[in-house]
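Residue numbers (our numbering), protein chains in the order written: chain X, 1 to 116; chain H, 1 to 112. Below is one structure, written out as structure tokens; comments come after it.
So this is what it looks like as structure tokens:
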């Protein structure tokens, strides 16, 4: 149980392209999902908290117009990196919390984004 | 600001050689401390949640413990398949965000 699926697993595209990443909770409903970014040998950095049916909450320093988040259903959140540039190249990972309160977050397998 | 520091950054063990990983944390109030395992190119896999000082959790060769300032992940008689990066994260009390603050992880390599 508690499976989170992320798609695609890898994207390589040209600078200026917009890229959409999907995060799905397969066997549970998630009112809250989280989007992280991870650079090599660095910790996961929270970018934003995605709430079903409402606007996402972005962490300080994360451009909300650059990283568009949509959480239209209880099983799907999407992250769109708009007009991506080489500095946006990173490993993007989503997670979803099972249940409420301090229940653990379960993670997808990440998306490796490479902007040429 | 919540902070998590993990040590060592990397640890190399022989199969069967037990050891411990450390996670030191600073948080205004601890709601929970989480341990995850991450394999290369994959997302973190949940291992344990600890909520209060003195609590212990076990799973196969792993045991996690918690004090008011740090947590240890003890690995008993490790096998090569235990090789991975182990991540520690804290969740602060207060607010409704429930976000996690992660450490940089400890890269564990177990040689056969």
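Beta carbons: idealized from backbone N, C-alpha and C, even for Gly.
As a beta-bridge residue in DSSP terms, residue 32 of chain H pairs with H:91. Not a single CB atom of chain H sits nearer than 9 Å to the CB of residue 69 of chain X.
In terms of beta-carbon proximity, residue 44 of chain X lines the interface with chain H, with at least one pair separated by less than 9 Å.
When DSSP states are grouped into helix, strand and coil, residue 58 of chain H belongs to the strand group. For residue 44 of chain X, there is no enclosing beta strand (DSSP E), as DSSP marks it with neither H nor E. Cβ contact annotation for residue 71 of chain H (same chain, cutoff 7 Å, sequence separation greater than five): 23, 33, 50, 64, 65 and 88, in chain order. For residue 8 of chain X, there are no C-beta contacts with chain H under 9 Å, since the nearest C-beta of that chain is about 13 Å from it. Chain H has no Cβ within less than 9 Å of the Cβ of residue 29 of chain X. Neighbours of residue 91 of chain H across chain X, judged by C-beta separation under 8 Å: 102. When Cβ-Cβ separations below 9 Å define contact, residue 108 of chain X makes contact with chain H. Residues are counted here when their Cβ sits less than 9 Å from a Cβ of chain X; for the stretch 95–110 of chain H these are 97, 98, 99, 100, 101, 102, 103, 104, 105 and 107, given in chain order.
A Cβ of chain X is located within less than 9 Å of the beta carbon of residue 31 of chain H. Under the Cβ criterion (8 Å, minimum of three pairs), the stretch 64–74 of chain X does not count as touching the stretch 105–115 of chain X.
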